[in-house]
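Residue numbers (my numbering): 1 to 214. Positions of the beta carbon are idealized from the N, C-alpha and C atoms, including for glycine. Beneath this line is the structure, given in structure tokens, with notes to follow.
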């Protein structure tokens with residue numbers, strides 16, 4: 001299975017939006033590739049509504065969402081239509097799933113990305129989330145078990161944190177959210193440590209832990 005820092009494995013697949021060459025079709029974009037256990041299941045339905053409701057927020061972050069399960073194309077189509085026509089959840093109804101869902105009946109993609117874990121199930125994907133940058137490198141991975149729905153605010157936070165880190169060369173402390181102070185990478189020489197604590201505009205709690213506002 002791929003790891004953080006690896007190039008995202010390439011594949012071709014059919015989706016609810018037609019044929020997909022991944023990640024090449026989304027050149028220059030951030031990608032969130034996520035798997036769900038099965039169509040027409042309760043937790044997955046609430047997750048798809050959550051992702052659909054936030055799709056414009058992810059698009060504003062230059063991020064493409066792509067879903068996947070080992071169900072058929074007809075199942076995917078029937079399910080997204082059912083969500084739009086029949087389901088109301090936490091005040092959301094008539095929700096259109098505007099991102100593609102990969103058909104993976106052969107389990108080729110889910111095996112390639114390590115989305116099936118026999119300890120959980122031999123025939124359903126766990127709730128995997130892969131964060132892939134514009135250079136097609138895997139930057140973060142989150143796994144959830146079959147019975148726990150994801151926190152989609154956290155998924156967005158990870159994308160924002162990665163983009164902010166790349167743009168400013170900083171790191172994010174525990175519970176960081178946009179607008180909060182960031183931290184600097186720790187010095188690697190005694191001279192750097194001395195210069196760091198003397199640098200204006202920083203709040204140094206110790207030589208290795210200095211924070212600042214962006």
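- Boundaries of the alpha helix (DSSP H) harbouring residue 45: 42–53, taken from the DSSP string.
- In this chain, the alpha helix (DSSP H) harbouring residue 81 covers 73–86.
- Judged by DSSP secondary structure, residue 129 falls within the beta strand (DSSP E) whose first and last residues are 127–132.
- Residue 190 counts as exposed, since fewer than 16 other beta carbons sit within 10 angstroms of its beta carbon.
- The continuous alpha helix (DSSP H) containing residue 167 extends over residues 152–168.
- Look at the beta carbons and you see the stretch 42–54 touching the stretch 92–101: at least three pairs across the two are nearer than 8 angstroms.
- Here residue 108 carries a helix assignment [DSSP, helix/strand/coil].
- As a beta-bridge residue in DSSP terms, residue 143 pairs with 128.
- When secondary structure is reduced to three states using DSSP, residue 19 falls in the strand class.
- Under the 10 Å beta carbon count, residue 145 is surrounded by fewer than 16 other beta carbons and is classified as exposed.
- Boundaries around residue 63 are those of the beta strand (DSSP E), 63–69, since no alpha helix (DSSP H) includes it.
- Going by DSSP, residue 192 is part of the alpha helix (DSSP H) stretching over 190–198.
- In the pairwise beta carbon analysis, the stretch 151–168 is classified as not touching the stretch 75–88: fewer than three pairs are separated by under 8 angstroms.
- Counting C-beta pairs with one atom in each stretch, the stretch 81–93 and the stretch 54–73 have fewer than three that are closer than 8 angstroms, which means they do not touch.
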